[in-house]
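Chemist: If you're matching positions, the sequence shown starts at 20 in this note's numbering and goes up one per residue. First the structure, then my questions, so here it is.
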Amino acid sequence: MNAMKLFDVDYREQKGFLQMDTTYAKLTQRQQLAILRPFALAILAQFAIQPASLRVVNHAFNTTYMVRDTAGQQYALRLNTYSLRDSRGIDAELQWIEALSSAGLVSVPTPAKTITDAFAAILDCPPLGKTLYATLARWLPGRIVGARPTRQQLTQIGRVTALLHQQAKDWRPRDGAYFPRIDSMLMNSTDNLTSANDVSLTPVVRQLLADATAIIEPVYAQLAQRFPIQPIHADLHCYNLMWHAGQLSVFDFDDAGMGWPIQDLAITCYNLRDIVGAEEHVFAGYRSVTAMPAVSSAEFEALLMARGIILLNDLIVLPSAQERAFVPEYCRRMELRLRHFLDTGTFQLLQ
């Protein structure tokens, strides 16, 4: 995925970023993948998988491969290259996926365990300057929903989101597994917007961000008084949804944490704002299962604008040359969106 798609289809893998070895960060994508491949093969050995083929399907925040083993089974291997998830966070993530799979209400990828019965494989990776965590799951059939979902898909998105929320309401990780709290404007990210020395963050953009933050942060404080936190997916956009035979599957729980269901709905709707009627179909699907969280329109608009802000917060610290090149363009778009939000109180996906 290119940088424009990463941040204008709301594809985001994790809420913070490590400081990688500067040599690795300066390499081309091809060079980085060449370095990672032997580590991917070593990790597959921890899952007792003998690969017949190993194909990169995404190399952005994290690196994902489609794996076919010698028996013909397909898997998704995710290397947490940029993710800050530790073993406790991965255990929480995979425990939830396993619980959802067992309940049978929501289609999710079936996680695999290592030969030591762990959800995550662990391997020191000197080129990244970190311990590398990785997970493996059965490959989901179908096609990614993508940028232009149908009405049927939109309704199913709402329905599946409600089912996720109902299941998670009384579910919690066990045995020391841990989800971070994400019930704040920047979720559990470091505040990069005030500390980053990026020329694209002009004084005008910084002031608009400050003005918007002054409106948005009190909304989070108000919501905290009304809603308990619970596990949420926190990245429910249409590129983390698979469609097969009329059924929707949810994947990529790497951002999951303790927040509010209304945050999931805002994240889903962020990139649907330019599709007339899309939100109404999502909400109708949600209401077919349970009542919508009771928030005002102004509060929901603030959550939408917050999503754009956290995407910018993450973008400006990525070391990839491709993402860095997109920073000026994304700042230009954010200036338009922030001005519109401050002038009208509503969010629009302005280009």
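We put the CB at the ideal spot given by N, CA and C, even for glycine.
(1) Hey, quick one: how far does the alpha helix (DSSP H) through S106 stretch, first residue to last?
(2) How far does the alpha helix (DSSP H) with M206 in it extend, from its first residue to its last?
(3) Between the Cα of A118 and those of N216, H252, A187, A313, spot the shortest distance and give me the residue it belongs to.
(4) DSSP three-state call for D27: helix, strand or coil?
(5) If you follow the beta strand (DSSP E) that M324 is part of, which residue opens it and which one closes it?
(6) Of all the beta strand (DSSP E) runs that stay within the bounds of the stretch 125–192, which reach a length of 3 or more residues?
(7) Roughly how many angstroms separate the alpha carbons of V164 and L361, rounded to a whole number?
(8) Return the CA-CA distance between T89 and P70, expressed in angstroms with no decimal places.
(9) Which residue from V346, T365, E298, T232 puts its Cα closest to that of A215?
(10) Quick one: give me the first and last residue of the alpha helix (DSSP H) that T89 is part of.
(11) Identify every residue that forms a DSSP beta bridge with I251.
(12) Relative to the C-alpha of L60, which candidate in L322, T47, R87 has its C-alpha closest?
(13) Between the stretch 146–163 and the stretch 216–233, can you find at least three pairs of beta-carbon atoms closer than 8 Å?
(14) Note down the Cα distance separating D105 from D273, rounded to an integer number of angstroms.
(15) Quick check: Q266 and S120, are their CB atoms within less than 8 Å of each other?
(16) Would P128 be called buried (16 or more neighbouring beta carbons within 10 Å of its own) or exposed?
(17) Would Q172 be called buried (16 or more neighbouring beta carbons within 10 Å of its own) or exposed?
(18) Could you tell me which residues DSSP pairs with L369 in its beta bridges?
(19) With a cut-off of 8 Å on the beta carbons, I'd call I178 and G304 a contact; round off their distance for me.
Modeler: Judging by the given coordinates:
(1) 106–122
(2) M206 -> no alpha helix (DSSP H), and no H or E assigned at all.
(3) Answer by Cα proximity: A187.
(4) Any answer about D27 is weak, because its pLDDT of 45 lies below 50 and its placement is not dependable; what the coordinates show is given next. In this structure, D27 counts as helix in the three-state DSSP scheme.
(5) First-last for M324: 316–334, but that is the alpha helix (DSSP H), not the beta strand (DSSP E).
(6) 140–144, 149–157
(7) 32 Å
(8) 6 Å
(9) V346
(10) First-last for T89: undefined, no H or E at that position.
(11) G276
(12) Out of L322, T47, R87, R87 has the C-alpha closest to the C-alpha of L60.
(13) no
(14) 11 Å
(15) no
(16) If you draw a 10 Å sphere on the C-beta of P128, you find 16 or more other C-beta atoms in it, and that means buried.
(17) buried
(18) Beta-bridge pairing links L369 to no other residue.
(19) It is worth fixing the name first, because residue 178 is Arg in this sequence and not Ile. Contact flag correct, Cβ pair sits at about 4 Å.
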